[in-house]
Structure formats: C-alpha cells, structure tokens
Amino acid sequence: MNKRALVAGWFSFEGMGATSGDLAARDLARDWLEDAGFQVDVANAEPFTGGVDWTQADPARYSHVVFVCGPAGNGWPLTELLERFRACRLVGLNLSMLEALETWNPFRVLIERDSSRAANPDITFASISEPVPVIGVVLVHAQKEYDDPRHAQAEAAVARLLAARAVAPVPVDTRLDVPGNPLRSAAAVESVIRRTDAVVTTRLHGLVTALKLGIPAVAIDPIAGGAKIARQAQTIGWPLAFTIDDLDDRALADALDFCLSAGGRALAVKCADRARERVAELRTDVVRAMLGTATE
87 MNKRALVAGW FSFEGMGATS GDLAARDLAR DWLEDAGFQV DVANAEPFTG
137 GVDWTQADPA RYSHVVFVCG PAGNGWPLTE LLERFRACRL VGLNLSMLEA
187 LETWNPFRVL IERDSSRAAN PDITFASISE PVPVIGVVLV HAQKEYDDPR
237 HAQAEAAVAR LLAARAVAPV PVDTRLDVPG NPLRSAAAVE SVIRRTDAVV
287 TTRLHGLVTA LKLGIPAVAI DPIAGGAKIA RQAQTIGWPL AFTIDDLDDR
337 ALADALDFCL SAGGRALAVK CADRARERVA ELRTDVVRAM LGTATE
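If you use this note's numbering, the sequence shown closes out at 382, no skipped numbers anywhere.
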C-alpha cells in the first residue's frame, strides 16, 4: 500500500489567517502520521517555508490528504483543494464543521473538533513546543530636540537582529500618553519587561527599566555620535550599548547572546545595584539642597 500523506490546512493558502494553533496542529498531525509509518509532505504557502505547493503537487503521489484544524465550510479555497485531491482518501482532523454533516461532509474520515454530531478536545492540547526567549522591544519615537536622528536605521538593525533567531518579540511602548497603548502606568510597563528574558531598545528608559529589574538589554542610541542613551550606559557601566555610528549585525547578535546568558543576568543585577548606590547619594544631595544645607 502506498502510504504517503499530504497534510494541508489554512497554512496552505496565502492570506487566509493561519494561526499558531493551525501550525501546532499541522506539526502534531505530521508527527502522528510519521509514527504510523506514513511518508508525509506538508502543504505550506507564504510566508511559511518548506513543504510543497499543493497547487503543483501530483495528486497521484498521495494515498491520503489530511486537512487539519480550523473552520471548514463548503467554499473556496478549501473546495478547490479537495477537488484536486478527490481521488485520495480525504481526512478531516480537528475541524469545526460550519454546516450540518447531512448537508456537507466531503471527508471519508472525519475526526472533528466540533460538528453537528460530536465535539472533541482540540488536538493541540497534545502539542507542547520548545520555549524561545522572550525579547522586549522598546523603540523610541523621533525626537525633534536631537539633530540627525537615525531611528529608521536603528529599527532596521533591531528587525534584522530579531529575524535572525527563534525568539518571541514583545513590543513595549513606554509612552503612556499615546491613544491605544494598553499599558497605562509605569507599573504595567515594568510588569511586562520583568517577564522578558532580554530587552532590545532605542529608548533610554527601555535600558534603565530593563536593568533595574535585572533584565539585560541591548541598547542602540539612534543619534549620530551618541546622546543620552550612550552617556547613560557609560555612566552606569553597562557595556552593551551601541551608537548608530558603530552598528554591526554580528556585534548586536553577540550582545543579545550575552544578554540571554547567566553572565548577562548577573551583570545586569550588578550594574543596577551600582546605579542604585549612586542614586542614593543623589537623594541625599536633593534633600540637602531643599533644606538649604548643600555646599554651594
């Protein structure tokens, strides 16, 4: 018996809203089939890489086609795929059937998530992925008080850095006066950053907030020649700060690697402790100045 299956789903069509759940179900179905002795191809469409283009695949090559995860209804583009592979054994897995099965069920075998006859747990309960680092991304807006800011250049470097590795970037906007920002307080911003593994930032308070919470940060000063970010990093002794003039993708990657290490965490804590000691001295100076006892 030819045991070759094509696994398809909403990830097989461009722009059809494939979700992380769809991809988790895809990978789980592939694993199940391979464990059962099938050779398996996956039908992926942009932006997902690898696999095959189902519109070009030879239907005679496959004994089974498994359409996995999501809603399934009698309409394009699902019906086009099913028509192309009509000679194969069509299997529906983890689907929410939008019509009563008496009206429309094109599958020889249907193990539904929910339909007019039954409901089952979503199969991704059995799918556990390996965790990836969570990276807080704190970017600055253009600031008119600085000459020749190069924010686009800095943000492009950040984008390349994060695209080159398996991470979970989490944008954090520290501007609390912007409509639509769901973070409404300093405590909310800090609560998000506290849960990251590292931060990449073009903001001074992205750097400071991360370090004070013990989170290592890669900082990029987007001002030619360096400005407040570079000066702050130098003042507190944090080495992983770059100016827009000395950006280098390899150096940024090495810096992020260090941030994700135990050594990076230890250095962040040490740096923050040292900064807090100096701020305590400033507090004393402020009180003396307010009481009129400061030395002029």
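Using N, Cα and C, we set each Cβ at its ideal position, and we do this for glycine too.
Item                                                                                                                                                                             : Value
Alanine 245 to alanine 284, Cα distance in whole Å?                                                                                                                              : 15 angstroms
Does the Cβ of asparagine 88 have 16 or more other Cβ atoms within 10 Å, making it buried, or fewer, making it exposed?                                                          : exposed
Tell me which same chain residues have a C-beta within less than 7 angstroms of the C-beta of glycine 159, skipping the five on either side of it?                               : Leu184, Glu185
Which residue comes first and which comes last in the beta strand (DSSP E) that contains isoleucine 306?                                                                         : 303 to 307
For proline 302, count neighbouring Cβ atoms within 10 angstroms of its own Cβ and tell me buried if that reaches 16, exposed if not.                                            : buried
Under the rule that 16 or more other beta-carbon atoms within 10 Å means buried, what is phenylalanine 328, buried or exposed?                                                   : buried
Would you call aspartate 108 buried or exposed, if buried means 16 or more other Cβ atoms sit within 10 Å of its Cβ?                                                             : buried
Would you tell me roughly how many angstroms separate the C-alpha atoms of arginine 27 and glutamate 100, rounded to the nearest one?                                            : Only positions 87 to 382 of the chain appear in this structure, which leaves residue 27 out of reach.
Can you have a look at threonine 295 and say buried or exposed, based on whether 16 or more other CB atoms are within 10 angstroms of its CB?                                    : buried
Please give me, in chain order, every unbroken run of the alpha helix (DSSP H) with length at least 4 that falls completely inside the segment 281 to 357.                       : 290 to 298, 314 to 322, 335 to 345
Only counting the same chain, and skipping five residues up and downstream in sequence, which positions put a Cβ closer than 7 angstroms to that of cysteine 174?                : Pro145, Tyr148, Ser149, His150, Val151
Mapping DSSP to helix, strand and coil, what is aspartate 144?                                                                                                                   : coil
Please determine if the segment 305 to 314 and the segment 344 to 353 are in contact, where contact requires at least 3 C-beta pairs separated by less than 8 angstroms.         : no
If you drop the 5 nearest sequence neighbours on each side, which residues of the same chain put their C-beta closer than 6 angstroms to that of phenylalanine 104?              : The question names phenylalanine, yet the displayed sequence has alanine at residue 104. Excluding positions up to five away in sequence, the list reads Trp96, Phe97.
When you compare each of Ile279, Ser182, Ser202 to glutamate 188 by their alpha carbons, which one comes out closest?                                                            : Ser202
Is leucine 109 helix, strand or coil when you go by DSSP?                                                                                                                        : helix
To the nearest angstrom, report how far apart valine 365 and isoleucine 322 are at their CA atoms.                                                                               : 11 angstroms
Which residues in the same chain have their Cβ closer than 8 angstroms to the Cβ of arginine 170, if we skip the five residues on either side of it in sequence?                 : Trp140, Thr141, Pro145
On the premise that leucine 297 lies in contact with tryptophan 324, defined as a C-beta separation below 8 angstroms, what is that separation, rounded to the nearest angstrom? : 6 angstroms
Give the straight-line distance between the Cα atoms of arginine 360 and valine 264, rounded to the nearest whole angstrom.                                                      : 33 angstroms
Which same chain residues end up closer than 6 angstroms to proline 219 when comparing Cβ atoms and leaving out the 5 residues on each side of it in sequence?                   : Val253, Asp283, Leu346
Tell me, which residues are paired with glycine 156 by DSSP?                                                                                                                     : Leu181
Put leucine 269 into one of helix, strand or coil per three-state DSSP.                                                                                                          : coil
Taking DSSP as the reference, what is the three-state secondary structure of leucine 187?                                                                                        : coil
How is histidine 227 classed by DSSP in three states: helix, strand or coil?                                                                                                     : coil
Secondary structure at arginine 172, three-state DSSP: helix, strand or coil?                                                                                                    : coil
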